[in-house]
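Reading through the structure tokens given below for one structure.
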Amino acid sequence: MPLQDEEEHHQLLADRLLDSNEEESAYDYSDKVHIIGVDEEHDDDDFTKTPPFSWKKLWAFTGPGFLMSIAFLDPGNLEGDLQAGAIAGYSLLWLLFWATAMGLLVQLLAARLGVATSKHLAELCRDEYPKWARLLLWVMTELALIGADIQEVIGSAIAIKILSRGFLPLWSGVVITALDCFVFLFLENYGVRKLEALFAVLIAVMAVSFAWMFGETKPNGVELLVGVVVPKLSSKTIKQAVGIVGCVIMPHNVFLHSALVQSRDIDNRKIGRVREALKYYSIESTIALAISFMINLFVTTVFAKSFYGSEIANSIGLENAGQYLQDKYGGGSFPILYIWAIGLLAAGQSSTITGTYAGQFIMGGFLHMRLKKWQRALITRSCAIVPTLIVALAFDTSEKSLDVLNEWLNVLQCVQIPFALIPLLCLVSREEIMGIFKIGSTTKVISWLVAVLVMLINGYLLMDSLSSAVSGMLFTSVVVALTGAYIAFIVYLISRGITFPNWFVKNKNSSSIDN
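Here the working numbering is used: position 236 in the sequence shown is 240, and no number is missing along the way.
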């Protein structure tokens, strides 16, 4: 890299850091984990030099990736896993692997954006787009967050209902989950590392619970390995395949990760320090998603071994999954029903906390609201809890209706995915925003191919759901009009990210002058 480019980028980072200090940042300076000085004898004056690898540094950077990985383990993903296993057996494990890899790519781009710019995605969208566009993006992102939160809180409430042996109805589990979320967020006052430790414990609970189930049911090792390595897809399993890919990229999680990486105090004026942070965040995010893949694999294979090819395969959901396992394998020393419920509770509780966390960054970034953390948490939590309580009261006695609702909530997530992916890819590709840390041509092509694939797959799920629900001329006309507006907004977002070569701009300007 030419020295002149590095010096220009050094100045760009210094100017951006000065601007960000004047605004409200994702984390106060006192809340950040301080990195400089960890396992270092002295701070080198060369701003381009990347410090050597250090295990202590890796440990100091470890945390944001594991919080991000929670979205890959939420109750919605677990339901997708169990349905894929029960209906498709081991045949979609290869897709689970590659979907996780695609999710990792997107999350690494979000981390890159946050580290290189010292701003998270919502803040950059506020700066990049006109008021009407950023408000529309905020509304879309909030809808996606509310939809995900309903699934997560309902998952926790189902687990509480199972563990209380039906004594606590669904709506009371929703209230308990909402209150627990504030208790857990209170830990943030004692430091980011304490909150990250809590998530580590919850992930460990999930891993132990579902690994225990894996050991109890003893899935076929050869079929498992073949399922991971050999791609296989049929018309009967296409819906489950779409569900696996659709659950991997959660719109609010992209915004969240770009903010979480700012919890470390990095000297962004030094290119070497930014490179160092990106290296460590890449390592810890990869480890975190490798663990999440194994947990999802445990769930999928347990239900593949237990119910694939059975008459009840198509009727299994979050609420009755534990009971079906109990009926098949019996009580034992520790009933598998309660093992399932404990894992589900850990998944639900952890994902609702990260959802509230994401909501604070999204609201603060898009609207530039200067509120205290507890006020933003209260607003964010209320936006999700009120509709969730309504859902819990309406569907408490109907498992089938709850499954139908969950399918439509997945559709809601699918609709919102472009409004996180497109701004992210456009921003990380622009030199005036990223400087020398903009993504290269190869990464850009691969990223856009992944984005288009994910959007097409989710578009298929959307059209499949709407085709079975839309009837009547008036309703059809409304859906067509909304679809047209939806596509037009996507085209607008893509057009904002298109950059033309300098020679094209010069020729265009010359033509305008001649005319």
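For each residue, glycine too, the CB sits at the ideal point set by N, CA and C.
Just so you know, these numbers come straight off a predicted model, no measurement behind them.
**Request:** Please state whether DSSP places residue 277 in a helix, a strand or coil.
**Result:** Secondary structure of residue 277 (DSSP, three-state): helix.
**Asked** If we call anything under 7 Å between Cβ atoms a contact, is residue 36 one with residue 267?
**Response** Here residue 36 is near residue 267, since their CB atoms are less than 7 Å apart.
**Message:** Which complete alpha helix (DSSP H) runs does the region 79 to 166 hold, if anything under 4 residues is left out?
**Reply:** Counting only runs of 4 or more, we get 79 to 92, 97 to 121 and 125 to 132.
**Item:** Cβ-Cβ separation, residue 262 to residue 124 (assumed contact under 8 Å), whole Å
**Value:** Residue 124 to residue 262, Cβ: 4 Å. Contact.
**Asked** Got a sec, what are the start and stop residues for the alpha helix (DSSP H) residue 493 sits in?
**Response** Start and end: 477 to 501.
**Request:** Determine the burial state of residue 433: buried for a count of at least 16 other Cβ atoms within 10 Å of its Cβ, exposed for fewer.
**Result:** Residue 433 counts as buried, since no fewer than 16 other beta carbons sit within 10 angstroms of its beta carbon.
**Message:** Let me make sure I understand the geometry here. Which of 99, 264, 214 and 395 has the alpha-carbon closest to that of residue 236?
**Reply:** Comparing Cα-Cα distances from residue 236 to each of 99, 264, 214 and 395, the minimum goes to 99.
**Straight-line Cα distance separating residue 384 from residue 333** = When rounded, the distance between both Cα atoms is 41 Å.
**Asked** Cα-Cα, which of 252, 287 and 391 is closest to residue 116?
**Response** That would be 287, whose Cα lies nearest to the Cα of residue 116.
**Asked** Helix, strand or coil: which one does DSSP assign to residue 7?
**Response** Any reading at residue 7 must be qualified, since the residue scores a pLDDT of 45, below 50, and its modelled position is unreliable; the value itself is stated next. If DSSP states are grouped into helix, strand and coil, residue 7 belongs with the helices.
**Asked** With 16 other CB atoms within 10 Å as the buried threshold, where does residue 71 fall?
**Response** It is buried - the Cβ of residue 71 has at least 16 other Cβ atoms within 10 Å.
**Message:** Do residue 161 and residue 178 count as a contact pair if the criterion is CB distance below 7 Å?
**Reply:** In this structure, residue 161 lies closer than 7 Å to residue 178 by Cβ.
**Request:** Taking the CB atoms as reference points, tell me whether residue 206 and residue 354 lie closer together than 7 Å.
**Result:** In this structure, residue 206 places its C-beta atom within 7 Å of the C-beta atom of residue 354.
**Request:** Look at the Cβ atom of residue 521, then the Cβ atom of residue 502, and state whether they are nearer than 7 Å.
**Result:** Here the chain covers residues 5 to 519 and nothing more, so residue 521 does not appear.
**Asked** When we look at the beta-carbon of residue 289 and count the other beta-carbons within 10 Å, is it buried (16 or more) or exposed?
**Response** Label assigned to residue 289: buried.
**Message:** Could you check whether the Cβ of residue 74 sits closer than 6 Å to any heavy atom belonging to the ligand HEM?
**Reply:** As for the ligand HEM, it is missing from this structure, which has no ligand bound.
**Prompt:** Apart from the five residues just before and just after residue 351, which ones in its own chain have a Cβ nearer than 7 Å to its Cβ?
**Reply:** So the qualifying residues of the chain are 77, 78, 79, 82, 159 and 210.
**Message:** By the DSSP assignment, the alpha helix (DSSP H) with residue 234 in it spans what residues?
**Reply:** For residue 234, no alpha helix (DSSP H) run applies, since DSSP gives it neither H nor E.
**Asked** Apart from the five residues just before and just after residue 224, which ones in its own chain have a Cβ nearer than 6 Å to its Cβ?
**Response** Once the five neighbours on either side are set aside, residue 224 has no close Cβ partner at all.
**Message:** Going by beta-carbon coordinates alone, are residue 302 and residue 214 separated by less than 7 Å?
**Reply:** Against a cut-off of 7 Å, the Cβ pair of residue 214 and residue 302 comes out as a contact.
**Message:** Which residues does DSSP list as the beta-bridge partners of residue 269?
**Reply:** Its beta-bridge partners are 38.
**Request:** Between the Cα of residue 195 and those of 485, 500 and 32, spot the shortest distance and give me the residue it belongs to.
**Result:** Answer by Cα proximity: 32.
**Request:** Measure the alpha-carbon distance for residue 574 versus residue 359 and round it to whole angstroms.
**Result:** In the structure as shown, the chain starts at 5 and stops at 519, and residue 574 therefore has no counterpart that could be examined.
**Asked** Which residues in the same chain have their Cβ closer than 7 Å to the Cβ of residue 218, if we skip the five residues on either side of it in sequence?
**Response** Cβ neighbours of residue 218 beyond the five flanking positions: 302, 305 and 306.
**Message:** Taking contact to mean 3 or more Cβ pairs, one atom from each stretch, closer than 8 Å, check whether the region 385 to 392 and the region 146 to 158 are in contact.
**Reply:** Proximity of the region 385 to 392 to the region 146 to 158 meets the contact definition, three or more beta-carbon pairs being nearer than 8 Å.
**Request:** Please report the Cβ distance between residue 174 and residue 396, rounded to the nearest whole angstrom; I am assuming they are in contact, meaning their Cβ atoms lie under 8 Å.
**Result:** Right, the Cβ-Cβ distance comes to about 4 Å (below 8 Å), so this counts as a contact.
**Message:** Please classify residue 505 as buried or exposed, where buried requires at least 16 other C-beta atoms within 10 Å of its C-beta.
**Reply:** Interpretation of residue 505 is limited by its pLDDT of 49, a score under 50 that renders its predicted location unreliable; the figure taken from the coordinates is listed afterwards. Under this definition residue 505 is an exposed residue.
**Asked** Is it right to say residue 138 is buried, meaning 16 or more other beta carbons lie within 10 angstroms of its own, or is it exposed?
**Response** Burial call: buried.
**Message:** Beta-carbon within less than 6 Å of residue 192's beta-carbon, same chain only, minus the 5 sequence neighbours each way: which residues are those?
**Reply:** Here the set comprises 199.
**Item:** Presumed contact (8 Å Cβ cut-off) between residue 91 and residue 414, rounded CB distance
**Value:** Not quite, the Cβ-Cβ distance comes to about 15 Å (not below 8 Å), so this is no contact.
**Request:** Tell me whether residue 393 sits in a helix, a strand or coil according to DSSP, three-state version.
**Result:** Reduced to three states, the DSSP call for residue 393 is helix.
**Message:** For residue 484 and residue 57, I'd like the C-alpha separation in whole angstroms.
**Reply:** Whole-angstrom Cα-Cα distance: 55 Å.
**Asked** Roughly how many whole angstroms lie between the Cα atoms of residue 110 and residue 337?
**Response** If I take the Cα positions, the gap works out to 43 Å.
**Asked** Can you tell which of 253, 169, 391 and 357 has its C-alpha closest to the C-alpha of residue 326?
**Response** Taking residue 326 as reference, the option from 253, 169, 391 and 357 with the minimal CA-CA separation is 169.
**Message:** Taking the straight line between their C-alpha atoms, what separation do you get for residue 95 and residue 103?
**Reply:** It is roughly 14 Å from the alpha-carbon of residue 95 to the alpha-carbon of residue 103.
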